[in-house]
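There are 2 protein chains.
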Amino acid sequence: MTTRMPEQVPIDILAQFERVTDYWSPKVVAQVNDQYVKVARLLGEMDWHRHADEDELFWVLRGRLRLEFRDGVAELSPGQCCVVPRGVEHHPVASEECWIVLVETVTTRHTGDRATPQTRTIEEQLA
Amino acid sequence: MTTRMPEQVPIDILAQFERVTDYWSPKVVAQVNDQYVKVARLLGEMDWHRHADEDELFWVLRGRLRLEFRDGVAELSPGQCCVVPRGVEHHPVASEECWIVLVETVTTRHTGDRATPQTRTIEEQLA
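Chain order of the listed sequences is A and B. Residue numbering for the first sequence follows our numbering, beginning at 81 and increasing consecutively. Residue numbering for the second sequence follows our numbering, beginning at 81 and increasing consecutively.
The structure is reproduced here in structure tokens:
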């Protein structure tokens, strides 16, 4: 029996959502350089937060995501993404269930500078 | 009239493919931290190459992509991705037209260590 290297085993993105059992609880599906690619299911809202030194990419696969900023808003539909730059406060709101892909630095804490009940450790996100 | 910040303007990934006029000629659609997110249309094959210091993520949206390695192969269907680790030689083959998203370091030269007729500058990829 031959052993396949990790790069030889395709990662099915939608199948990765089966690992997601809670809302606002991302799971890491891949690492590329110093970034994690994560999947998450969202419903309701996350507290206002910012990441001082890290950009965060949101890509909606299903449902809709409203990203509120202090001076505006982005409404994301399936197939749309946006990058929240470092330092920019944002308030994610999913009034219906939303499936997203995130790209963010391996060190990024997904609830930003503050620990909240929604905060998940990297170990939980890798599980 | 209010000015919307870049993060407030959703990026429609499929619409970005309208910028892609040649095969194997990626276009940058976003930057997140030190990584570019790019879209590309592939048909035929690219020379064997490697990126000494950079991982490269391939995510297939349409068609199929065969990534050949010296010791195996990955066959990617729509919705599947894989990460080619730094240093690993690979040979992308698209026997039918394939639309992909790439995530790679801003410094990555997409044809690897060698300049080939398929090589595109970052300026061309940003255009």
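Here a beta-carbon is modelled for each residue, glycine too, at the ideal position from N, C-alpha and C.
Do you know offhand how far residue i's Cα is from residue j's?
i, j, result
"E125 of chain B", "V100 of chain A", "36 angstroms"
"T196 of chain A", "L206 of chain B", "38 angstroms"
"T187 of chain A", "T83 of chain B", "32 angstroms"
"R121 of chain A", "V183 of chain A", "14 angstroms"
"H129 of chain B", "E169 of chain B", "5 angstroms"
"V108 of chain A", "P86 of chain A", "15 angstroms"
"I93 of chain A", "G159 of chain B", "6 angstroms"
"A132 of chain B", "T199 of chain B", "16 angstroms"
"V153 of chain B", "V153 of chain A", "43 angstroms"
"V119 of chain A", "D193 of chain B", "32 angstroms"
"R150 of chain B", "T201 of chain A", "37 angstroms"
"Q88 of chain B", "N113 of chain B", "18 angstroms"
"F138 of chain A", "V163 of chain A", "6 angstroms"
"R189 of chain A", "D127 of chain B", "39 angstroms"
"T185 of chain B", "S157 of chain A", "27 angstroms"
"L141 of chain B", "G167 of chain A", "31 angstroms"
Beta carbon of residue i, beta carbon of residue j: below 8 angstroms?
i, j, result
"E155 of chain B", "R146 of chain B", "yes"
"I91 of chain B", "C161 of chain A", "yes"
"E177 of chain A", "L123 of chain A", "yes"
"A174 of chain A", "G143 of chain A", "yes"
"Q115 of chain A", "Q115 of chain B", "yes"
"H171 of chain A", "E148 of chain A", "yes"
May I ask which residues mark the beginning and end of the alpha helix (DSSP H) holding residue i?
i, result
"E204 of chain B", "202-206"
"A195 of chain A", "Counting along the chain, A195 of chain A falls outside any alpha helix (DSSP H), and DSSP gives it neither H nor E."
"Q96 of chain B", "93-96"
Can a CB atom of chain B be found closer than 8 angstroms to the CB of residue i?
i, result
"V100 of chain A", "no"
"P165 of chain A", "yes"
"T185 of chain A", "yes"
"E169 of chain A", "no"
"A110 of chain A", "yes"
"G192 of chain A", "no"
"I93 of chain A", "yes"
"Q214 of chain A", "Nothing about residue 214 of chain A can be reported from this structure: the residues present for chain A run from 81 to 207 only."
"D206 of chain A", "What sits at residue 206 of chain A in the sequence shown is Leu, not Asp. L206 of chain A does not count as touching chain B."
"L176 of chain A", "The residue you asked about is not Leu; residue 176 of chain A is Glu in the sequence shown. Output row for E176 of chain A: interface = no."
"F149 of chain A", "yes"
"Q115 of chain A", "yes"
Hey, does residue i have any beta-carbon neighbour from chain A nearer than 8 angstroms?
i, result
"G124 of chain B", "no"
"R84 of chain B", "yes"
"D127 of chain B", "no"
"V119 of chain B", "no"
"V173 of chain B", "no"
"A132 of chain B", "no"
"G159 of chain B", "yes"
"G143 of chain B", "no"
Taking residue i as part of the beta strand (DSSP E), name the residues at either end of that continuous run.
i, result
"Q111 of chain B", "107-112"
"V117 of chain A", "115-125"
"A154 of chain B", "152-156"
"V173 of chain A", "170-185"
"V140 of chain A", "136-142"
"R146 of chain A", "145-149"
"V163 of chain B", "160-164"
From the DSSP output, which residues share a beta bridge with residue i?
i, result
"Q88 of chain B", "The partner list for Q88 of chain B (beta bridge, DSSP) is empty, contrary to what the question assumes."
"H129 of chain A", "A:H170"
With hydrogens ignored, establish whether the beta-carbon of residue i is closer than 7 angstroms to any heavy atom of the ligand FMN.
i, result
"S157 of chain B", "No copy of the ligand FMN appears in this structure; indeed no ligand is present at all."
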